[in-house]
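In my numbering, the protein residues as written are 206 to 656. Where is the CB? At the ideal position from N, CA and C, for every residue including glycine. Have a look at the structure below before the remarks.
Now the structure itself:
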């Protein structure tokens, strides 16, 4: 470790940080999970060359490397510990190129989602992925986890919005995968393979992003309260079945709604009530909002349409306040299962069953437009109690039984690796392990994560 640190300092100077504060920060993300001890150092990369230098030293010394962005992940995927180098890309936050004619931007991985879209707006452009943490999450982190967000039912997830990646391999080589062109099917699709690989195959140091023009027309927001969450989930399915595609459709159950209202100092909601918040955009936004309002009212909802965009944003602020509302209650294990949209109501029934069987309250929000649920397990102290892990395991198995998946957008990281084979099956699990070995023969990239 001493030799590794000396080599890093000789090559990278003040970009190598061993302060107690930096090392402690590198041990944790927003999942509530923390590594047991400090990494060797935190390297603040400022260029591709810094990343290549770090990886060459790591390969020559067989030292593990954990890549970090803003540290806002929810699966323990970027937590560094004993004997590891934490490699931060947060300072690599430039927009290198914007092409309005090609609808693309080339960016470094450390740029925040919100900052990127604020800069693109001047050209009438935007990048569609819209996680609730857009103000604090990096594009590189989005790519590492295959992130989604509030808008993905209509505008797609990160994998749909990336054309090309610049990647430093474990041995320091720089690889360019993908295309700047809209079409390109040369060889295997390594771009899609790297998206969602959680830092286990390479270090993303640049991305060519597929942009959209800002959506013309108005935005309309509809809020509807229902007597219970199952009725709200059935109403969201009715919207999808009617052929209307809202930009956003978010569902909050009673426990989530109560916690958020308390955080924002809003009047307490009706006990047991769930809320569905739907936003339409584009030239047909007004007509679509009115059509959705009729569907929700017919399904038993008490419906209100926001008078203007500002009021609509206030309604969405309620949904975006879920994480701070949960953090106020205690330590939170924020889960991330997805099921087919037709099974959303059934999954809420499963959550209610798990609450009864394990004696827990599990506040849950859902991206109802695509069937992605975020059940929250709240507890005291830094360590996840066994009863929570047992309930989480039953949650995962319920999602799989309904034709769903362990994670829709947060990734596997540390927290879900023990259940990965249950979804993949033994043969696919082993094949994925072999792919990892091709990219990272020494096993130094984010070891212990995912597998």
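Query	Result
Same chain, Cβ closer than 8 Å to residue 296, neighbours up to 5 away in sequence not counted	249, 250, 251, 315
Distance CB(residue 620)-CB(residue 552) smaller than 8 Å	no
contact_flag[the segment 453-460, the segment 408-420] where n(CB pairs < 8 Å) is 3 or more	no
Residue 642 (DSSP reduced to helix, strand or coil)	helix
Contact belief for residue 494 with residue 425 at Cβ below 8 Å, rounded distance in angstroms	4 Å
Distance, residue 452 Cα to residue 407 Cα	33 Å
Identity of the residues DSSP links to residue 431 by a beta bridge	479
Segment limits, alpha helix (DSSP H) that includes residue 531	527-534
Buried versus exposed call for residue 368 [16 or more other C-beta atoms within 10 Å across all chains shown]	buried
Simplified DSSP state of residue 331, which is helix, strand or coil	strand
Secondary structure of residue 386, DSSP reduced to three states	coil
Inter-residue spacing [alpha-carbon to alpha-carbon] between residue 605 and residue 611	7 Å
Close Cβ partners of residue 324 (< 7 Å) along its chain, the five nearest in sequence each way excluded	300
Contained beta strand (DSSP E) runs [length at least 3] in the segment 404-467, N- to C-terminal order	408-415, 423-431, 453-457
Validate contact between the segment 355-370 and the segment 566-586 using beta carbons, cut 8 Å, 3 pairs	yes
Same chain, Cβ closer than 8 Å to residue 307, five either side skipped, listed in chain order	385
For residue 219 and residue 245, the rounded distance between their alpha carbons	15 Å
Pair within 8 Å by beta-carbon distance, residue 279 and residue 585	no
Length of the line joining the Cα atoms of residue 422 and residue 578	30 Å
Three-state secondary structure (DSSP) of residue 591	helix
Start-to-end residues for the alpha helix (DSSP H) that takes in residue 610	Looking at the DSSP string, residue 610 is not in any alpha helix (DSSP H), and its letter there is neither H nor E.
Whether residue 483 touches residue 379 by CB criterion (8 Å)	no
Helix, strand or coil at residue 379 [DSSP, three-state]	strand
Check whether residue 264 and residue 567 have beta carbons under 8 Å apart	no
Extent of the continuous alpha helix (DSSP H) run through residue 557	549-563
Beta-carbon spacing of residue 481, residue 563 below 8 Å	no
Beta-carbon proximity check, residue 500 vs residue 444, cutoff 8 Å	yes
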